[in-house]
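Student:
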Amino acid sequence: MTVILEHMKGAIFDLDGVIVDTAKYHFLAWRSLAGELGFPFTEADNERLKGVSRMRSLDILLETGGLSFGEAEKLAMAEKKNRLYVEYISQLDESELLPGVSAYLTWLRTRGVAIALGSASKNAGFILDKLNIAGLFDTVVDGNKVLRAKPDPEVFLTACRELGLGPQDCVVFEDAEAGVAAGKAAGMYVVGIGRPELLKAADLVVSGLHEL
Ligand code: B16
Ligand code: MG
103 MTVILEHMKG AIFDLDGVIV DTAKYHFLAW RSLAGELGFP FTEADNERLK GVSRMRSLDI
163 LLETGGLSFG EAEKLAMAEK KNRLYVEYIS QLDESELLPG VSAYLTWLRT RGVAIALGSA
223 SKNAGFILDK LNIAGLFDTV VDGNKVLRAK PDPEVFLTAC RELGLGPQDC VVFEDAEAGV
283 AAGKAAGMYV VGIGRPELLK AADLVVSGLH EL
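See below:
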């Protein structure tokens with residue numbers, strides 16, 4: 103593995119797509135909303151929502167259906183989608199952790215590396231509790247704590263500040279293009295999780311934490 107990974111002082115993990123595949127539950131909930139609004143929403147459409155904030159996701163969904171609504175109606179729709187999503191993720195448990203997550207985070211802790219979550223999700227704390235891994239994180243920076251969504255670097259800069267480190271000491275682990283861009287804009291080394299052809303801006307791309 104690269105020298106940078108061997109010497110990092112802080113590791114900042116995205117949640118959906120890196121720790122757990124919640125995208126499938128986001129998809130079911132968004133598809134249900136689209137169905138109520140009278141248009142189809144496919145898994146391919148859902149790809150555009152990965153790593154994107156809840157309200158921006160709704161805008162993309164409505165664009166897919168060729169519809170537009172006022173702010174109050176959109177807020178009500180986002181809340182409705184979230185209620186259904188929370189129902190799905192209430193069933194999460196450790197068996198849904200992506201391969202290598204527990205082993206890699208535990209190994210980092212034994213080496214004294216500080217660990218943060220850097221996620222767009224406002225449900226991040228609930229999800230970590232369900233997965234029984236909240237105790238592995240020194241700090242959790244999520245959609246409730248930051249104003250500007252990825253690709254803005256705010257989420258990762260806040261996480262590294264909360265760890266008491268500088269950007270040059272932190273490595274970001276991200277599955278979404280917007281998240282990789284946010285990590286690079288923060289001045290951090292970025293490990294992309296997924297397909298190299300989709301995550302060209304990452305410094306290194308692996309298929310999952312089990313590879314590290
Ligand atoms: P919520 P991440 C992101 O998580 C998801 O990838 C994205 O699909 C979702 O819209 C966003 O969280 C907000 O989630 O509705 O739970 O606040 O990849 O940044 O961990
Ligand atoms: Mg993600």
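Quick note on this note's numbering: the sequence shown kicks off at 103 and runs consecutively.
Even for Gly, the Cβ is constructed at its ideal location relative to N, Cα and C.
A quick note: this is a predicted structure, and the numbers were derived from the prediction, not measured.
Helix, strand or coil: which one does DSSP assign to G137?
Tutor: If DSSP states are grouped into helix, strand and coil, G137 belongs with the helices.
Student: Just list the residues that DSSP pairs D118 with in beta bridges.
Tutor: V122
Student: Given that a residue counts as buried once 16 or more other Cβ atoms are within 10 Å of its Cβ, and exposed if not, what is D195?
Tutor: exposed
Student: If S155 sits next to L164, beta carbons under 8 Å apart, how far is it from one beta carbon to the other, in whole angstroms?
Tutor: Not really, about 14 Å apart at Cβ, beyond 8 Å.
Student: How close, in whole Å, do the beta carbons of L200 and D123 come, if the pair is a contact with beta carbons under 8 Å?
Tutor: 6 Å
Student: Let me make sure I understand the geometry here. Which of G294, L139 and D271 has the alpha-carbon closest to that of E313?
Tutor: G294
Student: Shortest alpha-carbon distance to P142 belongs to which of W132, A222 and R150?
Tutor: W132
Student: Between which two residues does the beta strand (DSSP E) containing G294 stretch?
Tutor: Y291 to I295
Student: Once the 5 residues before and after V282 are set aside, which same chain residues still bring their CB inside 7 Å of it?
Tutor: E276, V292, G294, L301, A303 and A304
Student: Check each residue's C-beta against every heavy atom of the ligand B16 and list, in chain order, those closer than 5 Å.
Tutor: D116, L117, D118, H128, L151, K152, G153, R156, S159, S221, A222, S223, K224, N225 and G245
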